[in-house]
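The UniProt record's numbering puts the first residue of the sequence shown at 1, with every later residue one more than the last.
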Amino acid sequence: MLAVTTAGNKGDVAAMGRAAARLEQSLEYLSMKAGDQGTVVGAIIVAELAQGGLEAARFAWRRAGAKARESRDAQTAWELAKCLWRHDNAAFFAAVPEVACSAALKSGIRAAAQQVRENTLQVVGRAYSSIALADLASRTGLSVEATKEEAVRRGWAVGGGFVRPAAASADASPGAAAPAVDVAALDRLTEYVCALERPSAAPDAVAVGEKALTAVAQARARGEQLA
Numbered sequence: 001m002l003a004v005t006t007a008g009n010k011g012d013v014a015a016m017g018r019a020a021a022r023l024e025q026s027l028e029y030l031s032m033k034a035g036d037q038g039t040v041v042g043a044i045i046v047a048e049l050a051q052g053g054l055e056a057a058r059f060a061w062r063r064a065g066a067k068a069r070e071s072r073d074a075q076t077a078w079e080l081a082k083c084l085w086r087h088d089n090a091a092f093f094a095a096v097p098e099v100a101c102s103a104a105l106k107s108g109i110r111a112a113a114q115q116v117r118e119n120t121l122q123v124v125g126r127a128y129s130s131i132a133l134a135d136l137a138s139r140t141g142l143s144v145e146a147t148k149e150e151a152v153r154r155g156w157a158v159g160g161g162f163v164r165p166a167a168a169s170a171d172a173s174p175g176a177a178a179p180a181v182d183v184a185a186l187d188r189l190t191e192y193v194c195a196l197e198r199p200s201a202a203p204d205a206v207a208v209g210e211k212a213l214t215a216v217a218q219a220r221a222r223g224e225q226l227a
């Protein structure tokens, strides 16, 4: 239990979750008081929320014993999980400052909220070409002004009440050199096509063409652009 509370007090939600998961599987857990079991369950749920693991958080709640579920820590964590399950980020972030639970879990919840906010911003950055500033503020639990500052910090365009996330290429960074074009392979392929269009293609032209096709295939395998 000490590892759970220590990590929670430090705001290390990932370490808190790992320690709680290990404890849940131990014999020590079976002999713990219901309130302490509830803290373990709450820590697992909160850690899963930080990772976006809503389904795992729900399973943690379901497998908890009835008395553990009645504890303040478990109830608090589960109420937060239900907010995210309903996609009600505004309610989630509004509840975080008001949580009534143990000090260790409270610190873990605050750290988890920061991660939930970051996860939300990353999803918006990937999925949206434009989003209302007020909508983004609601999803991140920030004021409109703080949301605007965060968007600018990320290099997103802000104006007219909208945020336009910068398009990020998963394949290449801006300014990256274009793949080399295998000009020689193109020349050989052209020669091959011209030879085939003649009434009788000479054997040596066919051989050249086969080599050209091989060169083209190899270029494609290396990811080079041929056009």
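The beta-carbon is built from N, C-alpha and C at its ideal position, and this holds for glycine as well. Note that the structure is predicted; figures quoted are calculated from it, not measured.
Buried or exposed, going by whether 16 or more other CB atoms sit within 10 Å of the CB of residue i?
{"i": "A66", "result": "exposed"}
{"i": "A157", "result": "exposed"}
{"i": "V123", "result": "exposed"}
{"i": "V4", "result": "buried"}
{"i": "V144", "result": "exposed"}
Less than 8 Å between the C-beta atoms of residue i and residue j, yes or no?
{"i": "A132", "j": "G161", "result": "yes"}
{"i": "R117", "j": "T140", "result": "yes"}
{"i": "A127", "j": "S71", "result": "no"}
{"i": "C83", "j": "A64", "result": "no"}
{"i": "M16", "j": "G108", "result": "yes"}
{"i": "G11", "j": "N119", "result": "no"}
{"i": "A7", "j": "A21", "result": "no"}
{"i": "A91", "j": "A57", "result": "no"}
{"i": "L121", "j": "W85", "result": "no"}
If you run the structure through DSSP and keep just helix, strand and coil, what is residue i?
{"i": "G159", "result": "strand"}
{"i": "R86", "result": "coil"}
{"i": "F59", "result": "helix"}
{"i": "A166", "result": "coil"}
{"i": "A132", "result": "strand"}
{"i": "K33", "result": "coil"}
{"i": "S107", "result": "helix"}
{"i": "M16", "result": "helix"}
{"i": "A25", "result": "A small correction: the amino acid at residue 25 is Gln; Ala does not occupy that position in the sequence shown. Correct three-state label for Q25: coil."}
Using C-beta distances below 7 Å, list every residue in its chain close to residue i, excluding the 5 sequence neighbours before and after it, in chain order.
{"i": "E24", "result": "V40 and I44"}
{"i": "F59", "result": "none"}
{"i": "F93", "result": "A113 and G141"}
{"i": "residue 280", "result": "There is simply no residue 280 to check, as the chain begins at 1 and stops at 227 in what is shown."}
Spatial neighbours of residue i within its chain, please: CB distance less than 6 Å, with the 5 preceding and 5 following residues excluded, ordered by chain position.
{"i": "D73", "result": "G38, T39, G42, C101, S102 and L105"}
{"i": "A112", "result": "V13, V46, L49 and A50"}
{"i": "S130", "result": "F162 and R164"}
Only counting the same chain, and skipping five residues up and downstream in sequence, which positions put a Cβ closer than 8 Å to that of residue i?
{"i": "R69", "result": "G38, V41, W61, Q75 and W78"}
{"i": "A168", "result": "Low confidence applies to A168: its pLDDT is 43, below 50, so where it sits in the model is not reliable, and the reading given next is rough at best. Within the same chain, A168 has close Cβ partners G125 and R126."}
{"i": "N9", "result": "A103, A104 and S107"}
{"i": "A166", "result": "G125, R154, G155, W156 and A157"}
{"i": "Y29", "result": "L23, Q37 and V40"}
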